[in-house]
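Trainee:
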Amino acid sequence: MQPNPLSSALAAIAGQFELFKQKSSGLDVFRDKERKIRDLIARHQRSLERLEKQRAKAAKTVDEANPYSYARYLQPLADAVLEHFPGMAARIMGPYGLGNTASISIYDPAKGDTDGVVGWLQFRYESNDGQLSYVDLDKHSGRYPPNSLGDINGLNYEAVPLTAETTMDELVQLFRRGAGGV
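In the working numbering, the protein residues as written are 15 to 196.
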């Protein structure tokens, strides 16, 4: 007697389902591993966020404890200039070099503080007379010979005092020019 073709087909199908079940159980193991790895990554990301907040808080504490911090001196100026650059952020850097120079960069946060710079200006705080000056990179005095410490540290560029007569529009233009604008 010949086997029923339907029975053979159903048996083959049942075999395929059994094979599928076996392979699926193996997939469950990999899915479980993947879920555990995702959970581990999420925990580490939360830890990184928590640690970054702690680092920022510690940096702020150190900055506030430093009486010579440029962030203290320049923050009000950065805040005032930012009003003329909607949607932008400011970064204060320094002091650096022999001239005790600092800078404020105005940048697009979406592009970052390197590629997104839309305004930039350097400052020197003349501690002898308490005068804050900006560094005019268009005025080169030649006072220091090429490649000397004074030249390398930018001391050939004139420091122009910021006064009450300096308008905000003038300051904004200086920032734009410093970033390569007009």
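Just so you know, even glycine gets a beta-carbon here, dropped at the ideal spot from N, CA and C.
Helix, strand or coil for H58 per DSSP?
Mentor: helix
Trainee: For R190, which residues of its own chain have a beta-carbon under 6 Å away from its beta-carbon, when the five flanking residues on both sides are left out?
Mentor: G133
Trainee: Taking the straight line between their C-alpha atoms, what separation do you get for I27 and K50?
Mentor: 34 Å
Trainee: Apart from the five residues on each side of it in sequence, which residues of its chain come closer than 7 Å, Cβ to Cβ, to Y139?
Mentor: Y87, N114, L146
Trainee: Figure out for me which residue from G101, E97, T128 has the closest Cα to the Cα of M107.
Mentor: T128
Trainee: Residue range of the alpha helix (DSSP H) that E184 falls in?
Mentor: Here the alpha helix (DSSP H) through E184 covers 182–192.
Trainee: Taking buried to mean at least 16 other C-beta atoms within 10 Å of its own C-beta, is G126 buried or exposed?
Mentor: exposed
Trainee: Does V196 come out as helix, strand or coil in the three-state DSSP assignment?
Mentor: For V196, the pLDDT reaches just 47, beneath the cut-off of 50, and the residue's location in the model is therefore unreliable, leaving the point undetermined.
Trainee: So, are the CB atoms of D152 and V174 less than 8 Å apart?
Mentor: no
Trainee: Rounded to the nearest angstrom, what separates V196 and Q187 at their Cα positions?
Mentor: Here the model assigns V196 a pLDDT of 47, short of 50, so the residue's position is not dependable, and the following value carries that caveat. Their backbone Cα atoms lie some 7 Å apart in a straight line.
Trainee: Between which residues of its own chain and L185 is the CB-CB distance below 7 Å, once the five residues before and five after are set aside?
Mentor: Result list for L185: V95, in chain order.
Trainee: Bridge partners of Y121, per DSSP?
Mentor: A103, V131
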